[in-house]
Amino acid sequence: MSLYWRIFLLNAVVLLAAAALLLLGPVTVSTPVLLTEAVIAVAGVVVMLAANAVLFRLGLAPLQRLTRAMTTTDLLRPGRRLEVSGTGGIADLIGTFNTMLDRLEAERAASSALALCAQEAERRRIAQELHDEVGQTLTVVLLDLKRLADQVPEPLRADLHRVQETTRAGLDEIRGIARGLRPGILDELGLTSALTALAHEIAAPSGLTVRRTYAPDLPALGDQAELVLYRVAQESLTNAARHAGATKVDIRLLRGAYGVRLTVDDNGGGTGGAPEGSGIRGMRERALLIGADLSIGPAPGGGTRVRMTVPPEKGAA
Numbered sequence: 163m164s165l166y167w168r169i170f171l172l173n174a175v176v177l178l179a180a181a182a183l184l185l186l187g188p189v190t191v192s193t194p195v196l197l198t199e200a201v202i203a204v205a206g207v208v209v210m211l212a213a214n215a216v217l218f219r220l221g222l223a224p225l226q227r228l229t230r231a232m233t234t235t236d237l238l239r240p241g242r243r244l245e246v247s248g249t250g251g252i253a254d255l256i257g258t259f260n261t262m263l264d265r266l267e268a269e270r271a272a273s274s275a276l277a278l279c280a281q282e283a284e285r286r287r288i289a290q291e292l293h294d295e296v297g298q299t300l301t302v303v304l305l306d307l308k309r310l311a312d313q314v315p316e317p318l319r320a321d322l323h324r325v326q327e328t329t330r331a332g333l334d335e336i337r338g339i340a341r342g343l344r345p346g347i348l349d350e351l352g353l354t355s356a357l358t359a360l361a362h363e364i365a366a367p368s369g370l371t372v373r374r375t376y377a378p379d380l381p382a383l384g385d386q387a388e389l390v391l392y393r394v395a396q397e398s399l400t401n402a403a404r405h406a407g408a409t410k411v412d413i414r415l416l417r418g419a420y421g422v423r424l425t426v427d428d429n430g431g432g433t434g435g436a437p438e439g440s441g442i443r444g445m446r447e448r449a450l451l452i453g454a455d456l457s458i459g460p461a462p463g464g465g466t467r468v469r470m471t472v473p474p475e476k477g478a479a
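The opening residue of the sequence shown carries number 163 in the numbering used here; numbering runs sequentially from there.
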């Protein structure tokens, strides 16, 4: 039975019951109205309103749950579904909403995968051009400066040495940007070596103390899973160094029946209930790309804990 007919029939029952009491009962209305008759009339109206309120509350409760679900649904936290309850049109509406969420999550996952793959391809291209074109050009400039420094008079030699150091610093920055865009060590030496290099790269200028724990028997992971784990660790370390005011970070990469789990704990100020920024939402997008579970919350000793679990069937090479 549809919601319309349920509400209509329930109200009809209440009104018919009230009419039957007036027609068949001993109660009459005098002119002028007596006090007892007014009390009975007011009591009857109150009973009718209370009955309607209870019936509407029971009938529309599933719709209220559906409204709350619509306002709190986040496609970056998939898998949450409403229990199909109620009768008639309400159950159909909840079932349709769940089906819509299934379709939206599948479409978002597909579009996010395409966008992130295109982003990584563009990063790889830019990093390659920075390394091959700009890096080689600056290397040639350094060689020319060294050759000139050996030929010019002594007063100009110190100036050329300063230019050499400035050029060498620019070359190091270019190489650092290229490594950040696309970590070549990840392709060449694997995930644990890339995480170790990342920890040294971020800890050196910021003064962070990074402790690393890697399981010796990590399974072979696919390129996509390794890249996502690396990016999540990179964003977590960057947040700890730049925004959280942390001095210590603990990185663990372990395996178990759950699959492969990356945990990054810092002793910073925590999130403080602040809304998630683009960096954290980017981590959630990447976790969805490989079907991993990502959680961000307080660390046991204070600070922030970022934990990502890659199931075995999702991270297999």
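Think of the CB as a built atom: it goes at the ideal place given N, C-alpha and C, for glycine as much as any other residue. Everything numeric in this text was worked out from a predicted model, so none of it was measured.
Considering residue i, what are the terminal residues of the alpha helix (DSSP H) in which it resides?
i    : result
I364 : 353 to 368
G418 : Counting along the chain, G418 falls outside any alpha helix (DSSP H), though it belongs to the beta strand (DSSP E) covering 410 to 418.
V302 : 297 to 311
R330 : 316 to 343
V394 : 385 to 404
Using only the alpha-carbon positions, how far apart do residue i and residue j sit?
i    : j    : result
Q386 : I452 : 7 Å
L211 : T234 : 32 Å
E363 : R239 : 31 Å
Q226 : L244 : 12 Å
G439 : P460 : 17 Å
T329 : G432 : 39 Å
E388 : A361 : 16 Å
D412 : V394 : 14 Å
E316 : G297 : 29 Å
A174 : T198 : 27 Å
L222 : G421 : 43 Å
L370 : I252 : 55 Å
List the endpoints of the continuous beta strand (DSSP E) containing residue i.
i    : result
D428 : 421 to 428
P460 : 455 to 460
R373 : 371 to 376
R446 : Careful: R446 lies outside any beta strand (DSSP E), inside the alpha helix (DSSP H) at 440 to 451.
V472 : 466 to 472
For residue i, which residues from the same chain have a beta carbon less than 6 Å from its beta carbon, with the 5 sequence-adjacent residues on both sides left out?
i    : result
E397 : G441, M445
Going along the chain, which residues of its own chain have a beta-carbon closer than 8 Å to the beta-carbon of residue i, five neighbours each way excluded?
i    : result
P462 : D427
R417 : A377, D379, L380, P381, R423
M232 : F259
R373 : K410, V411, D412, I413
Quick one: what's got a C-beta closer than 7 Å to residue i's C-beta in the same chain, skipping five residues either side?
i    : result
A331 : none
How close, in whole Å, do the beta carbons of residue i and residue j come, if the pair is a contact with beta carbons under 8 Å?
i    : j    : result
R344 : R285 : 5 Å
Taking one C-beta from the segment 267 to 283 and one from the segment 440 to 457 each time, how about it: are there three or more such pairs within less than 8 Å? Touching, yes.
Do the segment 419 to 434 and the segment 461 to 470 meet, that is, are 3 or more Cβ pairs less than 8 Å apart? yes
Do three or more CB pairs link the segment 305 to 317 to the segment 353 to 363 at distances below 8 Å? no
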